[in-house]
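First comes the structure, then the notes that go with it.
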Amino acid sequence: MAKILVIEDEDDILNLIKIILNMEGYLTILAKDGEEGINALKNNKDISLIILDIKMPNMDGWEFLKTIKNNNDWKNIPIIVLTAYTQVSDIEKARKMGIDSYIAKPFSRENLIKEVKKVLSS
Amino acid sequence: MHLNYDIIVINVCNKVMNMMKKIKLRGRLLILSIIISIIPVIILGVVSVENTIKTMNEEAQKKINTDLQIAEYILNERLDFLSKSLELVSDENIVSSIKNKNLNSLKMTTSKLKNITNSDFVIIFNKEGKILVSSNTNKTGYVDIPSITKKVLSGKKIRSVEIIDENTLKNENLINKTVISIKTTEYSIKVNKTTENLALGLISARPIYDENGNIIGGILVCDILNKDYYLVDKISNHSGDVVTIFLDGIRISTDVENENGTRAVGTLVSKEVYDKVIRQGEIYQGRAFVVDKWYITSYKPIYNSENEIIGMLFVGTPERPFIELQQNIKAHTILIGFLSIILALIVSLVLSETIISPIKKLKSAAEKISSGDYNIHVDVNSCDEIGELAKAFNKMAEDVRKSHEELKRHAKELEESYEKLKEVDRLKSEIISIVSHELRTPLTSIKGYVELVLDGLMGELNDNQRRCLEIAKNNIDRLKRLIDNMLDLSKIESGAIKFDMKIVKIKDMINEVLNSLEPLIKEKNIEVVCDIEDSLTAKVDKDRITQVLINLIENAIKFSPVKGVIEICAFRDDNYAHIIIKDYGPGIPKKDLNKIFDKFYQVNFPKIKKDGAGLGLAICKSIVEVHGGKIWVESELGKGTTFHILLPIR
Chain X
228 MAKILVIEDE DDILNLIKII LNMEGYLTIL AKDGEEGINA LKNNKDISLI
278 ILDIKMPNMD GWEFLKTIKN NNDWKNIPII VLTAYTQVSD IEKARKMGID
328 SYIAKPFSRE NLIKEVKKVL SS
Chain U
1110 MHLNYDIIVI NVCNKVMNMM KKIKLRGRLL ILSIIISIIP VIILGVVSVE
1160 NTIKTMNEEA QKKINTDLQI AEYILNERLD FLSKSLELVS DENIVSSIKN
1210 KNLNSLKMTT SKLKNITNSD FVIIFNKEGK ILVSSNTNKT GYVDIPSITK
1260 KVLSGKKIRS VEIIDENTLK NENLINKTVI SIKTTEYSIK VNKTTENLAL
1310 GLISARPIYD ENGNIIGGIL VCDILNKDYY LVDKISNHSG DVVTIFLDGI
1360 RISTDVENEN GTRAVGTLVS KEVYDKVIRQ GEIYQGRAFV VDKWYITSYK
1410 PIYNSENEII GMLFVGTPER PFIELQQNIK AHTILIGFLS IILALIVSLV
1460 LSETIISPIK KLKSAAEKIS SGDYNIHVDV NSCDEIGELA KAFNKMAEDV
1510 RKSHEELKRH AKELEESYEK LKEVDRLKSE IISIVSHELR TPLTSIKGYV
1560 ELVLDGLMGE LNDNQRRCLE IAKNNIDRLK RLIDNMLDLS KIESGAIKFD
1610 MKIVKIKDMI NEVLNSLEPL IKEKNIEVVC DIEDSLTAKV DKDRITQVLI
1660 NLIENAIKFS PVKGVIEICA FRDDNYAHII IKDYGPGIPK KDLNKIFDKF
1710 YQVNFPKIKK DGAGLGLAIC KSIVEVHGGK IWVESELGKG TTFHILLPIR
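Going down the list, the sequences are from chains X and U.
So for the first sequence, our numbering puts the first residue at 228; every next one is plus one.
So for the second sequence, our numbering puts the first residue at 1110; every next one is plus one.
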């Protein structure tokens, strides 16, 4: 089963995503900021998707993106950005940094599942 | 006709006025001063020259007339002298000499008398009229002036000018002295003869009485005038004029000169004068052509003792000096006129300069003010209207400067408060943005977990639980829309959103909107009537205008009754695409009409559920206005509502 790294500073939302994904049968690894995300990547070589929040303490989404896109081992892992930043400029910026999908908060369960499936199957 | 002239005159005046308006002030003053100076100068010049010349001519003529009288007087004086000399001769001696046939004594008497009187001949004749003795010759014969001898022998004294015949002249050995060859000149009369053999003579004669008082003969003294210049020179010396004695029309004694300087004896009078004086016996006064030039003249007939016209007396003066004088006067008048016009020009230039230079100062000051230099003081000190104008101008400049400073101060204040407002506005947008983000996070959890439960993933739900959770979910969605709209509006208003303007077909856009709203339309079984110009386009951000159209049509559907009608039409209106969306719903109360585009304003409809935040129309208005368009509403309570949108075509 595909292993998905979820990076989100809000515990409730992190948990919500975990429940939704687990129910769909995906394995999840959870991280509460960019740094934890990097560590999780280091410890888990088989991560097939990252769901990423942008606004986070320590290392935010932008920095995290920069870091993994500069790493040969991680740069090909697909990424779905899940954020409350809905400005066109933010979406554009994220797309330029090589993300695969973008979901605005608050999201619906259906939409999240649909996007995850789409990204994983491509 | 009269009216027409009036109109023409008015038209001409108007044209002149219009032309005058085009000329600068200096030119106008110049024209005015020229008119003012030229007209009187010309009138004065013409009148004075005409008057002077007329007076001069009159005076010259008067002098000539007077001189003619002097000439006559001198002629009469000569005749008087001859008569008096004749009286001095003693009859006694002559009578005794006649009786004694002492011809020598008589001859002596005649010679003596001739010498004393400086005359040409003296004769004594008997009572048959036969010449007894003559001062010039020993020949005897009859006196060839029968009328004279007859009168003398009848006891009269003679004292007159007479024609002396050729025979008498020959007898008296005078013919060589008196004969005159005739020369015709320009304007003169024509005569058939080439010489004049007759002569004009001053004659004085009286009878001779014997001791008994019987007439026994007469004595006659004659002074021939032909080529005798004594009289004419004497008259000329007195008057300074030119004098001529004519026999008929021929100059016999004159000081008129030919071109070569000789006396013009033998020349003829002009025809004009001849006709008037010799033929009609009148006095001729005025211009006349004499020999070779024009004179101011006076001619008078000379009568003999029978009262027949036998010649003329002429006094004249050449016209040329007068004409030269007149021309001089004219030249001087023109010169003075010219000088006075120049003077008027100079004066008007100086005068116009005193008017124009302060006006120019005012003009440049006004230009400085309009270019933004308000520290202006016009330096015009005159006390006239322009000085007053300058004073008023300075006051105005001062006022303008003050109000400009005031304005600048206000502008600065405005700018400051504008900056403050901008800052406030920025803060507001920022706050809205932050708040929306912060609201989204808890909302995400709420929505997510509610969905989990509602979808039965956390265990079976009974109907009541489900209904409650659905209400919660609907309100979560409403809250989400509210946050989205608020953020949207704040971004549009702050200009944070870039609009992607393209030429879009209105018909396509409306059809897409209707397609997306198809489920709603079907749900309420609503009939949509479209009347849209096929080719109508507008330059818009397609997504944003679609948003507006969805909002408005959605509203129309929402407020229409089931099976109601919605009309959508679009057409070109000047430079705009005009879209009209009309429903036959409940309509909007008048008091709400001008507030429906306000943020968070919602009309209270009892039967319709509120599911928005009252931001939809505010967003529509912002979007349309960012496009440079217009949106407004017309509505009548109970009849329906019509929305109008104007979008620029390019």
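The beta-carbon is built from N, C-alpha and C at its ideal position, and this holds for glycine as well.
Closest to residue 1437/U by C-alpha separation, out of 1324/U, 1161/U, 1659/U, 1380/U, would be which residue?
Start at 1 with the first residue of the second sequence, and residue 1437/U comes out as number 328. Looking at the Cα atoms, 1161/U is the closest of the given residues.
Count the other CB atoms within 10 Å of the CB of residue 1304/U; is the residue buried (16 or more) or exposed (fewer)?
Taking the second sequence and counting its residues from 1, the one referred to as residue 1304/U is at position 195. With fewer than 16 Cβ atoms within 10 Å of its Cβ, residue 1304/U is classed as exposed.
Anything in the stretch 319–334 of chain X with a Cβ closer than 7 angstroms to a Cβ of chain U? List those residues in chain order, please.
Listed by position along the chain: 332, 333, 334.
Beta-carbon of residue 292/X versus every beta-carbon of chain U: anything under 9 angstroms?
Within the first sequence, residue 292/X is the residue found at index 65, counting from 1. Any Cβ of chain U closer than 9 angstroms to the Cβ of residue 292/X would place that residue at the interface, and such an atom is absent.
Enumerate in chain order the residues of its own chain whose CB-to-CB distance from residue 307/X is below 8 angstroms, with the five nearest sequence positions on each side excluded.
Counted from its first residue, the first sequence places residue 307/X at position 80. Excluding residues within five positions, the ones whose Cβ falls inside 8 angstroms are 276, 277, 278, 279, 326, 327, 328, 329, 330, 342, 343, 346.
So what's residue 289/X in DSSP terms, helix, strand or just coil?
Numbered from its first residue, the first sequence carries residue 289/X at position 62. Helix at residue 289/X.
Against residue 1560/U, what residues of chain C qualify as contacts under a CB-to-CB distance less than 8 angstroms, listed in chain order?
Among the protein chains of the structure shown, namely X and U, there is no chain C.
Quick check on the DSSP output: what are the complete alpha helix (DSSP H) runs of length 4 or more inside the stretch 1197–1270 of chain U, in order along the chain?
Complete alpha helix (DSSP H) runs here, min 4: 1200–1208, 1212–1226, 1255–1262.
For the stretch 1414–1434 of chain U and the stretch 1350–1362 of chain U, state whether three or more C-beta atom pairs, one from each stretch, are separated by less than 8 angstroms.
yes
Give the straight-line distance between the Cα atoms of residue 1604/U and residue 1658/U, rounded to the nearest whole angstrom.
Locating residue 1604/U in the second sequence gives position 495, where the first residue counts as 1. Locating residue 1658/U in the second sequence gives position 549, where the first residue counts as 1. If I take the Cα positions, the gap works out to 21 angstroms.
With contact counted as at least three CB pairs below 8 angstroms, one residue from each stretch, are the stretch 1673–1680 of chain U and the stretch 1691–1699 of chain U in contact?
yes
According to a CB-to-CB cut-off of less than 8 angstroms, which residues of the stretch 1560–1581 of chain U neighbour chain X?
Along the stretch 1560–1581 of chain U, going in chain order, the ones with a CB nearer than 8 angstroms to a CB of chain X are 1560, 1561, 1564, 1566.
How about residue 1289/U and residue 1374/U: do their beta carbons lie closer than 9 angstroms?
The residue labelled residue 1289/U in the question sits at position 180 within the second sequence. The residue labelled residue 1374/U in the question sits at position 265 within the second sequence. Cβ atoms of residue 1289/U and residue 1374/U: closer than 9 angstroms.
Pick from 242/X, 243/X, 317/X: whose alpha carbon is nearest that of residue 281/X?
To locate residue 281/X, count along the first sequence from 1; it is residue 54. Restricting attention to 242/X, 243/X, 317/X, the CA atom closest to the CA of residue 281/X is found in 317/X.
Examine chain U for any beta-carbon lying closer than 9 angstroms to the beta-carbon of residue 311/X, and answer yes or no.
For the purposes of this step, residue 311/X is taken as the residue at position 84 of the first sequence. For residue 311/X, the answer is yes, since a Cβ of chain U falls inside 9 angstroms of its Cβ.
List, in chain order, every chain U residue whose beta-carbon is nearer than 9 angstroms to that of residue 237/X.
As a first step, residue 237/X is located in the first sequence; it is residue number 10 there, counting from the start. Per Cβ cutoff of 9 angstroms: 1550, 1551, 1553, 1554.
Which residues mark the beginning and the end of the alpha helix (DSSP H) in which residue 1410/U is found?
The sequence position of residue 1410/U within the second sequence is 301, counting from 1. In this chain, residue 1410/U is not harboured by any alpha helix (DSSP H); it is covered by the beta strand (DSSP E) spanning 1402–1412.
In terms of residues, what are the limits of the alpha helix (DSSP H) holding residue 1577/U?
For this step, residue 1577/U is matched to residue 468 along the second sequence. Per DSSP, the continuous alpha helix (DSSP H) segment holding residue 1577/U begins and ends at 1572–1603.
Quick one: using the 10 Å Cβ neighbour count with 16 as the cut-off for buried, is residue 1164/U buried or exposed?
Numbered from 1 along the second sequence, position 55 holds the residue referred to as residue 1164/U. In this structure residue 1164/U is exposed. Its beta-carbon is surrounded by fewer than 16 other beta-carbon atoms within 10 angstroms.
Can you confirm whether residue 1605/U, when its beta carbon is compared against all beta carbons of chain X, has any partner nearer than 9 angstroms?
Locating residue 1605/U in the second sequence gives position 496, where the first residue counts as 1. It does: the Cβ of residue 1605/U has a partner Cβ on chain X nearer than 9 angstroms.
Please go through the same chain and pick out, in chain order, the residues whose beta-carbon is closer than 8 angstroms to the beta-carbon of residue 1611/U, but skip the five residues on each side of it.
For this step, residue 1611/U is matched to residue 502 along the second sequence. The residues are 1648, 1649, 1650, 1651.
Any heavy atom of the ligand NAP closer than 8 angstroms to the Cβ of residue 1284/U?
Questions concerning the ligand NAP fall outside what the structure shown contains, since it holds no ligand whatsoever.
For chain U, check one thing: does any of its Cβ atoms lie closer than 9 angstroms to the Cβ of residue 233/X?
Within the first sequence, residue 233/X is the residue found at index 6, counting from 1. Output row for residue 233/X: interface = no.
On the criterion of 16 or more Cβ atoms from any shown chain inside 10 Å, does residue 1487/U qualify as buried, or is it exposed?
Counting from 1 along the second sequence, the entry for residue 1487/U is found at position 378. Residue 1487/U is buried by the Cβ-count criterion.
Taking residue 1651/U as the query, report the chain X residues whose CB atoms sit under 7 angstroms from its CB, ordered along the chain.
As a first step, residue 1651/U must be located in the second sequence, where it is residue number 542. Chain X residues near residue 1651/U: none, gap ~15 angstroms exceeds 7 angstroms.
Which partner residues of residue 1627/U appear in the DSSP bridge assignment?
The residue you call residue 1627/U lines up with position 518 of the second sequence. DSSP lists no partner for residue 1627/U.
Please classify residue 1752/U as buried or exposed, where buried requires at least 16 neighbouring CB atoms within 10 angstroms.
To locate residue 1752/U, count along the second sequence from 1; it is residue 643. Counting C-beta atoms within 10 angstroms of its own C-beta, residue 1752/U has 16 or more neighbours from the protein chains shown and is therefore classed as buried.
Terminal residues of the continuous alpha helix (DSSP H) containing residue 1505/U?
As a position in the second sequence, residue 1505/U is number 396, starting the count at 1. Per DSSP, residue 1505/U belongs to the alpha helix (DSSP H) from 1494–1563.
Counting only beta-carbon separations shorter than 9 angstroms, does residue 1472/U have a partner in chain X?
For the purposes of this step, residue 1472/U is taken as residue 363 along the second sequence, with counting starting at 1. With 9 angstroms as the cut-off, residue 1472/U does not count as an interface residue toward chain X.
Are there 16 or more other CB atoms within 10 angstroms of the CB of residue 1386/U, so buried, or fewer, so exposed?
Here residue 1386/U is taken as the residue at index 277 of the second sequence, counted from 1. Buried, since its Cβ has 16 or more Cβ neighbours within 10 Å.
Under 9 angstroms between C-beta atoms, does residue 1736/U make it to chain X?
Walking along the second sequence from the start, residue 1736/U turns up at place 627. No, its Cβ sits nowhere closer than 9 angstroms to a Cβ of chain X.
What beta strand (DSSP E) runs, 3 residues minimum, are completely inside the stretch 1714–1757 of chain U?
1739–1745, 1749–1757
Name the chain X residues whose beta carbon is nearer than 8 angstroms to that of residue 1546/U?
Position 437 of the second sequence, counted from the first residue, corresponds to residue 1546/U. Ordered by position in chain X, the residues that pass the 8 angstroms Cβ test against residue 1546/U are 282, 311, 312.
Give the secondary structure of residue 1393/U by DSSP, where H, G and I count as helix, E and B as strand, and everything else as coil.
Residue 1393/U sits at position 284 when you count from the first residue of the second sequence. Reduced to three states, the DSSP call for residue 1393/U is strand.
From the DSSP secondary-structure annotation, give me the bridge partner or partners of residue 1331/U.
Locating residue 1331/U in the second sequence gives position 222, counting from the first residue. Residue 1331/U is bridged to 1230/U, 1312/U.
What's the gap between the Cα of residue 1203/U and the Cα of residue 1294/U?
By one-based count along the second sequence, residue 1203/U stands at place 94. By one-based count along the second sequence, residue 1294/U stands at place 185. Spanning the two alpha carbons is a distance of roughly 49 angstroms.
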